[in-house]
Amino acid sequence: MNENPVDLLPELCVLAGAVIGLLSGLFLPRARQWVVAVIGAAGLVAGIGAAGVAATRPDTMAFDAFVIDPITHVSRIAVFAATLLILGLAAGAVRAHPRESEFYVLILLAALGTVAFAAAGDLLVLMAAYLLASIPGYALAGFGKDAAGTEAALKYYLMGALLGIVMLSGVTLLYGLGRATSYEMLRDGLSGAPAGAVAVGVVALLAGLAFKAGAVPGHFWVPDVTEGASPVVATFVTTVPKIGAFAALYRIAGVLPRGAVDWPLLIAIVAAATMTLGNLAAFAQDNVRRLLAYSTISQAGYLLVPVAVAGRSDLAQPALLFYVGAYALTNLGSFAVVVAVGRDRLADYAGLARRAPLLALSLVICLLGLVGTPPTAVFAGKLLMFGAAVDGRYTWLAVVAVVNSVASVFYYLRWIVPVFETAPGPHLPEAGELLRGAAMIAVGTAVATLALGIGSGVALAT
Amino acid sequence: MLTLVIFLPLAVALGLLVLPRLRDTAVIWVWIGACVVDLALVVAIWVGYDGGIGYETDVRWIPSVRAGYHVGVDGLSLPLLALTAVLFLACAVFSLRQTRRVRAFAALFLFLQTVCLGLFAALDLLLFFVFFDLSIVGMYFVIAGWGHGDNVRSALKFFLYTFLGSLVLLLGFIGLYLGAEPHTFDMADLTRTPPLNGSPGLAALVLLAVGVGLAIKTPTVPVHTWLPPAHTDAPAAGSAILAGVMLKMGTYGFVRIAMPMLPEPWRRYAWVVIVVGVVSVLYGALVALAQDNLKRLIAYTSVNHMGYIVLAVGAAGLAAGDVDARRLAVTGAVTQMVSHGLITGALFLLCGVLNDRGHSYDMDRYGGLARVAPVFAALTVVGAFASLGLPGLSGFIAEFQIFTGAIGSGTGAAASAAAVAILGILITAALFLRVLHRVLLGGPGELTGGVTDVRGSELAAIAPLLAASLVIGIAPRFLLDVIEPASAAVVSLVAR
Amino acid sequence: MSVLGWALPALPLSAGGLLLVAGRRADRAAPIAGLAVSAATLLLAAGAAVARPVVRFPLLAGLPSGMAVDGLSAVMVVMVAAVTLAVLVYAAGELSAREARARFFGLMLIFAGAMLVTVTATDLALLLMAWELMGAMSYALIGFWWRDPGRVRSAGVAFVTTRAGDMGLYLAAGCALAGTGTLSLGGQAGAADPWRDLIAAGVVAAALGKSAQLPFSFWLSRAMAGPSPVSALLHSATMVAAGAYLLLRVQPLLAATGWAATLVAWTGAVTALALGAVALAQRDLKQLLAASTCAQIGFMVLAAGVGSVAGGTAQLVAHAAAKSLLFLGAGAWLVALGTKDLGGLHGAARRYPLVGVAFGAGALTLAGLPPLSLWVTKDTVLSAAAGRSAGLYAVGLAAGVLSAAYAGRVLIAVWRPADAGTRDDTEQTGTRHIGLPQRLPLPVLAAAAAALGAVGLPAIAAGWERLLGAAGEPRAEPVELAVSGALAALTLTAVGVLARRPRPIAAAWTRPFAGWLLLERAADTLVTRPVLGLANVLARFDDRVVDGGVRAVAAAGNLAATLAGRRVEMRADRLVDAVGRAARWLGDLARRPQTGQVHTYYAQAAVLFAALVLLVVLGG
Amino acid sequence: MTLEAFLLLAAALFAVGLYGALSQQSIVMVMMGLELMVNGVIVAGAGFWYYVAPGSADGQVLVLVALTVMALEMAMGFAVVTALFRARDVDVTDDAGDLRG
Amino acid sequence: MAVTQAVAFWALGIGAVASGVAVFVVDSMARATFALLASFLCVGVALFLIDLHYLGALVILMMIMEMLIMVVFMIMYMMNPAGLMPMVMVHNNRGALVISAGVFVALAAGIVLTPWPRRAGAPPRDPTFDLGQALMGPKMLVMMVIGVAILATMIASVVLATHRGRYDRYGDELDGARPRDPGGDAA
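Here the protein sequences come in this chain order: A, B, C, D and E.
Just so we're aligned, residue 32 is where the first sequence starts under our numbering, counting upward by one.
Just so we're aligned, residue 30 is where the second sequence starts under our numbering, counting upward by one.
Just so we're aligned, residue 9 is where the third sequence starts under our numbering, counting upward by one.
Just so we're aligned, residue 719 is where the fourth sequence starts under our numbering, counting upward by one.
Just so we're aligned, residue 666 is where the fifth sequence starts under our numbering, counting upward by one.
Below, the structure is given as structure tokens:
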């Protein structure tokens, strides 16, 4: 077995960043805790670098349970990069908070858990990673300790706990049927197992994954947490864990024996339900964060499409990986605008284009990106997703996705329209009151979505 | 060279956005300058074009799905590129008096120009689609941002409707991609070896998706209802571009994508296309006849005019027909795209003049405008006659070829359909005369007093469009020489 | 040579175009320029008639176009150019400086130029272009005084009606391509079935429409709304003549189909008879002349039907001279006396004797009085008709009697002394003055109208037939000539006698004739109203039904706009829509599970997962 | 004493715990329900280990993980309850329902 | 032996379920806590029956600790600890009953009907040694991740549960010589 810690260098970098950050946070004056953010960022940058180097090496398996393959590479880079941006967003928002350094550390740990979730090659690692990825999230959700934040934390926690336990029971059941917990052995072990029991185990396992992915029926926490928690945390919990969840889902799709469970149909139904529910519920939202929350649910539905056709189309994997990255970037950009503006009502965005044209443009690019307008990155992702669905003989799912994409235009436009009104809303902050850092990140991500869309060939080639 | 043509406007747009302090007039002059340069480049391309696919650029873009930045011009795209450059220049000149958020307006139009040029030059399905979709986004903002009346709703309707069409089109493209062996989005490859040759059912479905997507954009009956409100509430320049250039994206798609890449199902379902075309012709004309709103009326005549094109491309798909006649029909269709762009562009700009003065499109509130605005009246008369297909103007050249080609192909279906469609020109004649009578001639109406004649910039924008129509109407060879080889190619491709 | 071929139509067309573009700035120079161009065109036409230029050029792929002057065309171009010049000379006098003379002369030149192209075109595409252009110019000229809604409407009726016929040419062009692979005018007689029949049908429809034959005749009545010179040109050398010309040109095609020739012959004959009666019933001089045009063109159409190209062409030329003369005379009186009512014009000829004499010559020609031209030409046609069918001959003869009758009526009306019925200024304020330019063309035209009867002389007739390539066609027998001449003379006498009785010949039975056989009302009832009704229904259908499904989307969009604070009140009246409500309802439904209560989330999640399990277990 | 017996016991504990999680208003009681569910998982995991795959220690590790899950989730649960109680002075889920729709 | 084992198992099983049910039946939270503890104890003992001595002991010890903490919490929040007031705090009781009963019935049916895999291999002599081997071998990563998760839990619970941090106690510059705690004498 391979127990070379160098294979886990990216994770170790981030862990080191977290630990060093935690320790130094203990000795830093309150106003200078940003140093922790710098340390964490350094860890993330090192992690990204290490992941980039690792991506050039052949696929391997570390510690018998940590798969290192393109999925892991992409997940690592996406998670760490997204976390890096979120650190940037947070740096302005939680400045000089008594728990500022803990905030950064928790984010780093959650990111670490997400990567482990994505790379897990063993159900038990998956379960442990679930804990690691979730627990900091609960704390982050309640970080503000206000009424809404704590309620969000409670809901997040209760949903996470229940679905985690259901997932654990699924793990147990699959273990009992397959005599092992590692994917490789399960692949053989499950092939002769009774189909019904495998199906129950898979669905139970799906519970935890759906929770992390924000997919039906594990989506209930998404809107409430997104609205209740602070915007930065909302950004984090709707962006980063999904990356890990879809990677894990895709891996599990490869574990299941053909014929035992109609996995494609199961995921397709979940996907269709997720995207439809997310879109419908987003229609009449007045709160931009709730709107974005439902938008992330519908995006999760689209992301499930390549998972459904995993193994049935060569396009499935590139579609998933690209879409995940594109989604993370675009979603982050939209939330960054919310962080920068600091307002939740749709009407409060009236006249943003006048006051902060670049920020408004970024918002438009990100929202249209979420719609799937070329040449943004999500378009390329959606294209691959449609292609994978049609190629995998799930054309009906592609059609459902198309209809949903069109329907989603509604609520994105509901946000875009007031932005271009001439009269600024009464609650719109002055140009000077916008969070500069967040605004810069918003603009940067908007540019990056365009660049990633136009340069999607380069991204897909690697 | 071609890439420069395509992206020059975008570069200028970005420059306009970035450059901090430019006065509004200066912005528009920069805009006009960019359009002039672009037009000059297109003319240079036209002059230098010598058959086949010219000015080709093929750069890998998304190699994993074999999509590339592949652009080039041929006899189908060159006229439309030229049309695009001309119309955008006209709109820029027309907007000299624009005062509302000029910089954004100019940037948006330059962006749209890049999009439209890119679409017509694209030789890759994905690239085509990118531009197709972006055109919707750009036009949405034009309507929502600078429109009038119920513009937000119209813009939304436009966006949703055409966006749905574009996604259906995307599904069709994906079908083409997956049907090709090896999988590719490259139009040249797809044209060379039509995909899905072995599976007629799938090919028919793909054609359905592509056809519906393009039909919505074209638009044909019954998926045309986004058009009237979008036009009515759009600013004049926006309407001109929407009708003049963007409707062509649909019909261009038929000759560029649907026919050469899906020849077998196209032939099989040509009769459907023909029926849709004929219905569009008659329906569009009749509904236009009943309109009181001038802009809506012109919008419906667009449905009618696009119907001729659809009829022609349908007739070209009836393989039993005479080859030369079918070529004539396709040539007519492409000519009609150019012609309609010029004429309708001019008419919409004229509508803009009217609305600028009277703030209404209601024809019954005007009357006798020839007295107070003789130049406006003269331009409108020329535009109206051009639109109703008067010989000597471009519409006739196009429609005559379409009718003659469709009937002359000799198949009973095409001939009878075209014979019925001829009724369209009669109804169009009647309705345009009604327009002239209600708006220009006769006694003055309630709003006539406030109408002043066209100003210099407006005249400079509109007159060249009509002059171009006149030139094509009298001496069409320079245009037809370019189109004919391409339409011959299309006909031979669809016959495979 | 081809330069001449190009120059002949190009000169008036381009000069006209320039005048139009110049607009009111050129008003002063327009008459001079127009006359100069017109004169030059006449010279060119004469040259072309001699030199017979041929022009070929590519127009559409594989379908070359061209113009050529053969015998028939030679006659036509000279006639067109000459009449145009004459009319323009008159117009230079009639149109005051206040009028938009540049527009008028420009349109007239283009009108004539289009006619020149029409008569020289060798293929259907070019023919159709010129043909339709002529229609458009007629519209612009009839509606010249556009401030008057009635005149404009008349122009519209004229244009739409003729264009309805023109659709036939579009059809014919397509069928020609299908039948012969070319659009050449000459070769269509050899087209394959069924294309030949379709071509013939299309051409006949177009020609009948243009020539105001039954059932299209009514537009010619409306065409009187234009200035008199317009009527003079439109009724003689252009427009209506174009239809007759086309039929004469494609006579072999008509003959080849069999049915088409018969149909055309009978249409012509019946039109001649019916519209002759209409003319007789008119009280308005110009309306009378208009109806008589239809009737006279009927003889040409009859000629084409019975294969008398020489006779038909002669009739065309002679009628052009006579009719332009009559219209110019009527126009001169209208300007001077302000009336065109037959009663009001009593004594007009005596007040302006030159005009009266010339007009009288024209009227006598129209009456078919020997030895004037129409007497000969009409009989040439009729004798050919007699060879085909006795019925045709009889109808034609009766029509000839009617033309003598209405000509006589006119003649007597203007020449009788002024009496109680004389009224000036019923239409407009007269100028009491007829200028030199207005008078100048009249004698010339009168001489032509009278002298063209020479084609009846055997020697000249042979040359004429050779010119037209129509050797061997039947000529009028002396007996027939004598009969018709006698009939004409008798009729004139009878009319003169009747006119002495004070009571006019108004009666119930004349009302349909006075009203142009109610053709327009019929067209209005049978075509226009239903089409407009259909259009309205479809427009409503489009708004309510076709757009309905889409409106759902819009409704939800409106909801969105409402909620975003864009629009406070819902426009329920327009947007209440089941699907829109459904979308909203679904949106609410989708939010209902999100109760905010964790235990309901738990329960829902549990149930949903159970359902998924069930689905997978049962489905797998 | 068979695998089925262990599993039935596990199922019973799981179901009882689920009932508690669904029905209890007090957050702490909900947590108890969750613990009972984990309890069932422990039984099932141990049963599977013993009756299906005693050769490898995967089952034991699974039980260990289950125990950790329980402990960590409970620790977080208490922390969340504390925070909630401080912020809103409530300890039942029904009173934390402001975020909805 | 087997019979004794079986009897013991069933007794423990019934005990575990019964005390589990009792958790939600008794009318005081303290009693509920002890019922829960009882349930866990039964399970812990049951583990001994299948040779899992280490895990059984772990369950028992951990649960005792946890329940003690829970009692402390209940006292903190005054959740009617001693059963002084009757406590019925349920919602959606019928739905919960139906769902959980349905789940149990379905699971039981599945358990009975499913042809479970046959045993492969035999229980080792010392399962605890096996466990240790696995944790140091193929399952090392699990423990590593769990270790980080425990760290995260510590930080997270501290962040959530304590409202006074180091800056409250030592000042924003952390230069306070001694902690300033409520009730304590900071000076």
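Just so you know, even glycine gets a beta-carbon here, dropped at the ideal spot from N, CA and C.
Predicted model, so just to flag it, every value in this text is computed and none were measured.
DSSP three-state assignment for residue i, whether helix, strand or coil
i       : result
A619(C) : helix
P1(C)   : Past the edges of chain C, shown from 9 to 628, lies residue 1(C), and the structure says nothing about it.
Q742(D) : strand
P60(A)  : coil
W294(A) : helix
G242(B) : helix
N318(A) : strand
H104(A) : helix
S162(C) : helix
I91(B)  : strand
G24(C)  : helix
N310(A) : helix
Whole-Å CB distance - residue i paired with residue j, under 8 Å assumed
i       : j       : result
W446(A) : L399(A) : That pair is no contact at about 11 Å.
L37(B)  : Y84(B)  : With a Cβ gap of about 14 Å, L37(B) and Y84(B) do not count as contacting.
A312(C) : L262(C) : 7 Å
I442(C) : A303(C) : The Cβ separation is near 28 Å, so there is no contact.
Within chain E, partners of residue i - CB distance below 7 Å
i       : result
L752(D) : The contacting residues do not exist; L752(D) stays about 11 Å from chain E at best.
Under 8 Å by beta carbon: chain B residues contacting residue i
i       : result
A530(C) : Result: empty, since nearest Cβ-Cβ is about 17 Å, beyond 8 Å.
G151(C) : L470
Residue i: contacting residues in chain A (beta-carbon distance under 7 Å)
i       : result
Y832(E) : R61 and P129
Segment contact, 8 Å Cβ cut-off, at least three pairs: the stretch 56-63 of chain C with the stretch 90-99 of chain C: Result no; under three Cβ-Cβ pairs closer than 8 Å.
message: Taking 8 Å as the cut-off, does the stretch 314-324 of chain C touch the stretch 221-236 of chain C (at least 3 CB pairs, one atom from each stretch)?
response: By the C-beta criterion, the stretch 221-236 of chain C is judged not to be in contact with the stretch 314-324 of chain C, since fewer than 3 inter-stretch pairs fall below 8 Å.
In chain order, each alpha helix (DSSP H) run of at least 4 residues that lies wholly inside the stretch 244-271 of chain A: List check, alpha helix (DSSP H) in window: 252-259.
field: Segment contact, 8 Å Cβ cut-off, at least three pairs: the stretch 356-372 of chain B with the stretch 426-435 of chain B
entry: At 8 Å Cβ cutoff, the stretches touch.
The stretch 381-398 of chain A contacting the stretch 455-473 of chain A, beta-carbon criterion three pairs below 8 Å: Contact between the stretch 381-398 of chain A and the stretch 455-473 of chain A is established, with three or more Cβ pairs separated by less than 8 Å.
field: Members of the stretch 189-218 of chain B that neighbour chain F once the beta carbon cut-off is set at 8 Å
entry: Judged by its chain identifiers, the structure shown contains no chain F, and its protein chains are A, B, C, D and E.
query: Do the stretch 346-356 of chain A and the stretch 306-315 of chain A meet, that is, are 3 or more Cβ pairs less than 8 Å apart?
result: In short, these stretches do not touch, since the Cβ pair count stays below three.
message: If we require 4 or more residues per run, which alpha helix (DSSP H) segments fall completely within the stretch 97-171 of chain A?
response: When DSSP assignments are scanned along the stretch 97-171 of chain A, the uninterrupted stretches of alpha helix (DSSP H) that are 4 or more residues long and fall wholly within it turn out to be 101-124 and 131-150.
message: So, does the stretch 720-736 of chain E touch the stretch 770-777 of chain D, judging by three or more C-beta pairs under 8 Å?
response: With a cut-off of 8 Å, the stretch 770-777 of chain D and the stretch 720-736 of chain E do not count as touching, because too few Cβ pairs lie within range.
field: Cβ contact (3+ pairs, closer than 8 Å) linking the stretch 186-194 of chain B and the stretch 145-158 of chain B
entry: Verdict: no, contact absent.
field: Length at least 3, wholly inside the stretch 330-363 of chain C: the beta strand (DSSP E) runs in chain order
entry: Counting only unbroken stretches of 3 or more residues, no beta strand (DSSP E) element lies wholly within the stretch 330-363 of chain C.
- request: Scan the stretch 738-817 of chain D and note each continuous alpha helix (DSSP H) run of 4 residues or more that stays entirely inside, going in chain order.
  value: The qualifying runs are 745-769 and 776-806.
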